[in-house]
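In what follows, a structure is listed as structure tokens, so that the remarks can point back to it.
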Amino acid sequence: MSISRTHHRDASPDKAVDADPAIEIVGLSQSFGDTQVLHGIDLTVGAGEVFGFLGHNGSGKTTTINVLTTLIKPTVGVARVCGFDVLSSRLDVQRSIGYLPENIRLYDDLTASENLCFFAKLSGVKDVSGAIDQALGFLDCTELADRRVGTFSKGMRQRIGIAQAILHQPAVLFLDEPTSGLDPMGVRQLRETISRLNSEMGMTIFMNTHLLSEVSRVCTTIGVLAEGSLIYLDSMDRTLERFPDEASLEDIYVRLDYR
Amino acid sequence: MTERAPSKILTLAGLEFKSAARSRVLLLLILSMVLIAAASITIASYDFKAQIADYEAYLQQARATGVAIVAPPQFFPLQLLRGVIEYVQIIGAVIAIGLGYMSVARGRHGDTNRLLFTRPVRTREMFFGRLLGAGALIVTILVATALISVILIGTVGGQWLNGGEIARLAISFAMAAFYMLIFYALGVWISARSKVLVNGLVVALVIWLSVVLVIPQIGDTMDPDNQVPGGLFAALQVNKADEKKVLANFSTYEKVRNGLEETSLTKHYERLTFAVTGIKDTYAGKSLSYIAGEKRNDIIWLGGYLFLLSGLMFSGLRQERKTRKVT
């Protein structure tokens, strides 16, 4: 895997230096019974960033997303999205975010546009049909609108899943392992979509992933989580500068993880 | 971007209605209930028509033999609804439990709960949305059944219902809607509380079996008056006052028997609707206000069950949100 230096920080150079961070995590710890999953994480993601969150299975990436998307309450610490606290301003956080879980299914009995209509209305979108047309057009999947989601392939579901996440044009988009189960063409399309969402719609993107090649091509900042602790956090540019001898991001990741 | 709670409730209700209406299993159950109810009322209507014909033949014969005054007929066409009410009691409750189970299963299947719970929606909006959507589907089923009943009584039975009878029919079907909603709330609550979803369905069906079939059957079997067709006391030509005196000697037994029946939601629904429609002869031809007074206890029980199960359903949804269970 060779490192691409043409990631999209160049496409929107000013976004990453916005004054207000899109995501702020201070001293976040998360426990489930006796098991502590996150250990005092501190993390800031600037508005307009594409943040790649790396880590092994079970390192706590999805738990972090669950806290930030208000699915679970943090045990200790503070988490804010667009300045709103996930505990005290839950509804404000939910209005500000879009979310694509891993292995999205949606409602099988409904068509794609019925699914989108449902989530658009719940998100408070006024021009529902306009928003659906725009999202489907953006993702180049207008032909799927009237088909039942139950008949869709993984890739089709993923596109409709992204459409539901961006219908209300959220400030921050959370993607949990978005490339999981996609074929190479699907992965490439998703990469392009993420880049466009960031550059054209100005969304901050927080992405959990295993695919290091995607991270190196798309992300502006990376964080590495190991056993619930954040062991690395820096911009993609500086990462590549700090590890000039590494041949690929995979080498960097392995070196960080075993350090 | 503004959001109003009523529109979110309607959106959630729409999902509940649309998804349930597209379920083949549920449609099959609904169709079965409507068809069986229609068959039952058709048979009853033919019998009713025969009774009218017998009365008219008797009237002609009486007139021919010079009898001037003939007692007016005592026909209560709403009594033909007995079968329909009983099918709602049994199959309607199963449909409602199925609706509740599916409502929870829909969210757990494929983790759509994750999407729903990250939208700006409050638990109470989810609660009212689901209740409204399920209620709309239940009302649709019952209105269809009621319309078929009215048409069959009119066409097959030969007697169209008057305004008063339509009002009584509407009241009895409104009771049926509440009855089914209670079972829907039970289905949601038990399913939402179950880690393994299918276990929830099994537990709900065991409760259905007890409440709908077992307890009322025990109560009926323990009732001495039910031991002989037409009633034991009537067969022995014992009047109501003497019947009460006899039963006073078995007050503990009667308290246990009645107490057992009181725990069954189905029994309260049956007592109420049988009284409103006049299926129970004691209430045939009696005013609605009289029936409301006499059946106050059953109305309170039915309202109490609706309140209790709705509360439990709300707590189940809150729990579901908290734990985000996934199948």
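Residue numbers (our numbering), protein chains in the order written: chain L, 78 to 336; chain H, 35 to 361. We put the CB at the ideal spot given by N, CA and C, even for glycine. In this text the structure is predicted, and so the values were computed from the model without any measurement.
If I measure Cβ to Cβ from residue 194 of chain H and keep anything under 7 Å in the same chain, skipping five residues before and after, which residues do I get? The answer, listed in chain order, is 188.
Residues that residue 303 of chain L bridges to, as DSSP identifies them: L:306
Looking at chain A, which residues of the segment 157-182 of chain L have a Cβ within less than 9 Å of any of its Cβ atoms? Of the protein chains in this structure, namely L and H, none is chain A.
Going residue by residue through the segment 155-209 of chain L, where are the continuous alpha helix (DSSP H) segments of at least 4 residues, counting only ones entirely within it? Whole alpha helix (DSSP H) segments, 4+ residues: 167-173, 189-199.
Within 10 angstroms of the Cβ of residue 102 of chain L, are there 16 or more other Cβ atoms? Answer buried if so, exposed if not. Under this definition residue 102 of chain L is a buried residue.
Starting from residue 106 of chain L and walking both ways along the beta strand (DSSP E), at which residues does that stretch end? 98-109
Please return the same chain residues whose Cβ sits closer than 6 Å to the Cβ of residue 114 of chain L, not counting the five positions on each side in sequence. 107, 137, 140, 305
Please specify which runs of the alpha helix (DSSP H), each continuous and at least 4 residues long, are wholly inside the segment 232-288 of chain L, giving them in chain order. 261-278
Does the count of Cβ pairs from the segment 270-281 of chain L and the segment 190-209 of chain L closer than 8 Å reach three? A contact is defined here as three or more CB-CB pairs under 8 Å, and the segment 270-281 of chain L fails this definition with respect to the segment 190-209 of chain L.
Based on DSSP bridge pairs, tell me the residues matched to residue 298 of chain L. L:128, L:312
Please go through the same chain and pick out, in chain order, the residues whose beta-carbon is closer than 6 Å to the beta-carbon of residue 298 of chain H, but skip the five residues on each side of it. 245, 249, 250
Three-way DSSP call (helix, strand, coil) for residue 135 of chain L in this model: coil
Cβ-based burial, residue 226 of chain L [other Cβ within 10 Å; buried from 16]: buried
For residue 250 of chain L, which residues from the same chain have a beta carbon less than 8 Å from its beta carbon, with the 5 sequence-adjacent residues on both sides left out? 174, 175, 176, 177, 242, 243, 274, 280, 281, 282, 283
Can you round the beta-carbon distance between residue 159 of chain H and residue 46 of chain H to whole angstroms, since I take them to be within the 8 Å contact cut? 7 Å between Cβ atoms; contact.
Taking 9 Å as the threshold (beta carbon to beta carbon), is residue 198 of chain L in contact with chain H? yes
Among the residues of its own chain, which have a CB less than 8 Å from the CB of residue 141 of chain H, if the five just before and after it don't count? 147, 150, 354
Can you list, in chain order, the residues of its chain whose CB lies under 7 Å from that of residue 116 of chain L, leaving out five sequence neighbours each side? 106, 305, 306
Could you spell out where the alpha helix (DSSP H) holding residue 122 of chain L opens and where it closes? Where residue 122 of chain L is concerned, there is no enclosing alpha helix (DSSP H), although the beta strand (DSSP E) it sits in stretches over 112-123.
For a cutoff of 9 Å on Cβ pairs, would you count residue 201 of chain L as touching chain H? yes
Alpha helix (DSSP H) containing residue 228 of chain H: first to last residue? Segment: none, residue 228 of chain H is in no alpha helix (DSSP H) and carries neither H nor E.
Can you pull out the residues from the segment 131-151 of chain H whose beta carbon lies closer than 7 Å to at least one beta carbon of chain L? 140, 143, 144, 145, 146, 148, 149, 151
So residue 100 of chain L and residue 148 of chain L are in contact, right, with Cβ under 8 Å, and what is the actual spacing, rounded? Contact doesn't hold; Cβ gap of about 15 Å is too wide.
What residue from L:206, L:134, L:297 has the CA that sits closest to residue 287 of chain L's CA? L:134
Run through DSSP, which three-state label would residue 142 of chain H get? helix
Assuming residue 126 of chain H and residue 180 of chain H make a contact with CB atoms under 8 Å, what is their CB distance in whole Å? That belief does not hold up - the Cβ atoms of residue 126 of chain H and residue 180 of chain H are roughly 13 Å apart, past 8 Å.
What does the Cβ neighbour count give for residue 262 of chain L, buried or exposed, with the cut at 16 atoms within 10 Å? exposed
Would you list, in chain order, the members of the segment 204-232 of chain H that have their beta-carbon closer than 9 Å to a beta-carbon of chain L? none
Between which residues of its own chain and residue 217 of chain H is the CB-CB distance below 6 Å, once the five residues before and five after are set aside? 127, 130, 131
Between the alpha carbons of residue 110 of chain H and residue 169 of chain L, how many angstroms are there, rounded? 60 Å
Please tell me whether residue 59 of chain H has its Cβ less than 9 Å away from any Cβ of chain L. no
For residue 197 of chain H, does the count of other Cβ atoms within 10 angstroms reach 16, so buried, or fall short, so exposed? By the neighbour-count criterion, in which 16 or more other beta carbons inside 10 Å mark a residue as buried, residue 197 of chain H falls on the exposed side.
Could you confirm whether any beta carbon from chain H is found closer than 9 Å to the beta carbon of residue 235 of chain L? no
Would you mind stating whether residue 187 of chain L and residue 52 of chain H have Cβ atoms separated by less than 9 Å? yes
Could I get the ranges of all uninterrupted beta strand (DSSP E) runs contained in the segment 204-292 of chain H, with 3 residues as the minimum, in chain order? Along the length of the segment 204-292 of chain H, whole beta strand (DSSP E) runs at least 3 residues long do not occur.
With which residues is residue 225 of chain L paired in a DSSP beta bridge? BP columns for residue 225 of chain L point to L:188.
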